[in-house]
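Here the structure is laid out as structure tokens; the discussion comes afterwards.
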Amino acid sequence: MAGIGFELKKMLKNDSWFGLLKTYAYAGAISSGPWVLSILGIMLVGLLSISNKGATNTWLGEFLVSVTWLMSFSLVLSSLLQLLFTRFMADQLYLKNDHRILPNFIAALGLSTLVSGLVAITCWLLWFRSLDFLYCTLMLMNFVLLCNVWLAVIFVAGMRRYKTIVVVFLVSYLSIVVLSTFFKSAGTNGLLTTVLIGHAILLFAMLWMIFQEYSADRLLRFEFLQRQNIFPILIFIGLFFNMGVWVDKWMFWAAPSTSNDINGVLRASVIYDLPIFLAYLSIIPGMASFLLRIETDFVATYQSYYAAVNHGATLGQIEEKREEMTQSIRHAYAEIIKVQGVTVLLFFIMAEDIINWLELSPLYVQLYYVDLLATAIQVLFLATLNIFFYFNFLKQAFWMSFGLFALNTLFTGISLILGPAFYGYGFALAIFVTTIAGMAVLSNKINRLEYITFMLQRV
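Residue numbers (this note's numbering): -2 to 456.
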């Protein structure tokens, strides 16, 4: 995402409050991407479409739960390919083999469609057979479409056309909201149709941008599946990270004491789901800061450091470049903490008003506080993980992702045993511990970077 970041940094040269606000707005929309924007869009659909049935039915409606499950498992399944293909794409760009990217992407998209389709059909036959045929068909189509959307986002994130990207995101999710007013009479199936249309608009718009950006010498290439291009550790990093983010939700859905049966197959947690998804909306400013500081300031010093290494600079010059890079990382962390800290404080102040506006029980407020802190820390987690990727510290990235999954599973299980007063602390504690551990390991690695650079490389 550094390409977009550098373009957005140019807007800051305007040196005005409006320029700053506009830059952070663009950065927030792009860095948050479809995942966070979809939460906002789907919540708006829920409010507009079924608010007349009462708040409880609104948030536990079959439509909202169905979309939540679709998001969850499409993110997990697509994670098997996302980082692997990102690495392949980065390697080809570095080798100036741009013409190989598009044919491999088309092949990856075909593979994603095939695998996600088979998974969806298997789930249909095993668990969804008793449900409405049209509902199952829409769930299958939405699942396959979302898996492809998450893959296409990789390409779009690397482009410099930030205005077009933001417009595409907004149009796709606004179309879902607008169409829902016409399709709501058809119930869950009607609303799932609007989600399908909106994400189809998003996918085809991204494909149009991708086909404009990259050329191809043939239709299909499967080089990304060749042995030398497959890094199993990247597959597991993506898998454990996404499972780590979702495992607490799955456990609350599975526990009879904290969940409700929605349609005979899907379950939802009344007390747990809404506060965490509301909290995720608060990370948009922090993600904007992440994009502007990590993907621009840090990347610039990172490139400067390795340029010095590759072009035979003296040890003193290399150490100076490392110190500049270290300062950029510290500044990035400080900026994220400052921006996200202010955002969390504002949401803390407004928490009771937000819960009251949604006509929810005041019991949600305490859990919402915990989730606000947890999602704020998650931005720092992502920043640390991203820096690990830049330095190719893949083992550290793996243990950080696996640690999140393992600790979230453990702590959430304990919180379920301890009772409602401890709900949310499992995820919060897991993300806190893994983030602090990751930052400590990163600090140690950066302090030894010259040794790692020159002494631990394979010849």
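Using N, Cα and C, we set each Cβ at its ideal position, and we do this for glycine too.
Terminal residues of the alpha helix (DSSP H) in which residue i lies
i: GLN457; result: The structure shown has nothing for residue 457, since the chain only spans -2 to 456.
i: HIS196; result: 184 to 210
i: HIS308; result: HIS308 -> no alpha helix (DSSP H), and no H or E assigned at all.
i: SER71; result: 59 to 91
i: LYS442; result: 422 to 444
i: PHE102; result: 98 to 124
i: THR409; result: 391 to 415
i: PRO359; result: From DSSP, PRO359 is part of no alpha helix (DSSP H); its letter is neither H nor E.
i: PHE140; result: 130 to 154
i: SER277; result: Sequence inspection shows Tyr at residue 277; the Ser mentioned does not correspond to that position. Where TYR277 is concerned, the enclosing alpha helix (DSSP H) stretches over 270 to 277.
i: ILE281; result: 281 to 289
Exposed unless 16 or more other CB atoms sit within 10 angstroms - verdict on residue i
i: TYR448; result: exposed
i: SER212; result: exposed
i: THR55; result: Low local confidence applies: a pLDDT of 41 at THR55 is under 50, so the model's placement there is unreliable, and no value is given.
i: ALA437; result: exposed
i: PRO229; result: exposed
i: LYS50; result: Its pLDDT being 47, under 50, LYS50 is placed unreliably in this model, and the coordinates cannot settle the point.
i: THR311; result: exposed
i: ARG327; result: exposed
i: PHE451; result: exposed
i: LEU236; result: buried
i: GLN223; result: exposed
i: THR53; result: With a pLDDT of only 42 at THR53, under the threshold of 50, the placement of this residue in the model should not be trusted; the figure read from the coordinates follows. By the 10 Å Cβ count, THR53 comes out exposed.
i: ALA329; result: buried
i: ASN441; result: exposed
i: GLY309; result: exposed
i: PHE130; result: exposed
i: THR381; result: buried
i: MET68; result: buried
i: ARG445; result: exposed
i: ASN139; result: buried
i: THR185; result: buried
i: GLY338; result: exposed
i: ASN405; result: buried
i: LEU379; result: buried
i: GLN209; result: exposed
i: GLN79; result: buried
i: MET347; result: exposed
i: LEU122; result: exposed
i: VAL175; result: exposed
Anticipated Cβ contact below 8 angstroms, residue i with residue j, distance rounded
i: GLN375; j: PHE385; result: With a Cβ gap of about 15 angstroms, GLN375 and PHE385 do not count as contacting.
i: ILE433; j: THR323; result: About 18 angstroms separates the two Cβ atoms, so there is no contact after all.
i: THR462; j: GLY400; result: Not covered by the structure: residue 462. The range shown for the chain is -2 to 456.
i: PRO100; j: LEU217; result: 5 angstroms
i: VAL116; j: LEU200; result: Wrong, their Cβ atoms sit about 18 angstroms apart, outside the cutoff.
i: PHE295; j: SER325; result: 5 angstroms
i: GLY421; j: ALA371; result: 7 angstroms
i: LEU148; j: PHE82; result: 7 angstroms
i: PHE60; j: LEU189; result: 7 angstroms
i: VAL42; j: ILE173; result: 6 angstroms
i: PHE395; j: PHE233; result: 6 angstroms
i: PHE238; j: SER109; result: Not a contact, Cβ separation roughly 18 angstroms.
i: LEU288; j: ILE333; result: The pair is not a contact, with the Cβ atoms about 10 angstroms apart (cut-off 8 angstroms).
Per DSSP, cross-strand counterpart(s) of residue i
i: ASP258; result: ARG264
Any non-hydrogen atom of the ligand ATP within 7 angstroms of residue i CB
i: VAL339; result: With respect to the ligand ATP, the structure offers nothing, as it holds no ligand at all.
Measuring CB atoms only, is the stretch 272 to 287 touching the stretch 358 to 369, in the sense that at least three cross pairs come out at less than 8 angstroms? Yes, the stretch 272 to 287 is in contact with the stretch 358 to 369.
Are three or more beta carbon pairs between the stretch 292 to 305 and the stretch 237 to 257 nearer than 8 angstroms? Not touching, per the Cβ criterion.
Counting beta carbon pairs with one atom in the stretch 127 to 140 and one in the stretch 162 to 171, are three or more of them shorter than 8 angstroms? Flag = no, the stretch 162 to 171 and the stretch 127 to 140 do not touch.
Are three or more beta carbon pairs between the stretch 102 to 119 and the stretch 255 to 266 nearer than 8 angstroms? As far as the Cβ criterion goes, the stretch 102 to 119 does not touch the stretch 255 to 266, which means the pair count is below three.
Is the number of C-beta pairs between the stretch 187 to 204 and the stretch 79 to 94 that are closer than 8 angstroms three or more? In short, these stretches do not touch, since the Cβ pair count stays below three.
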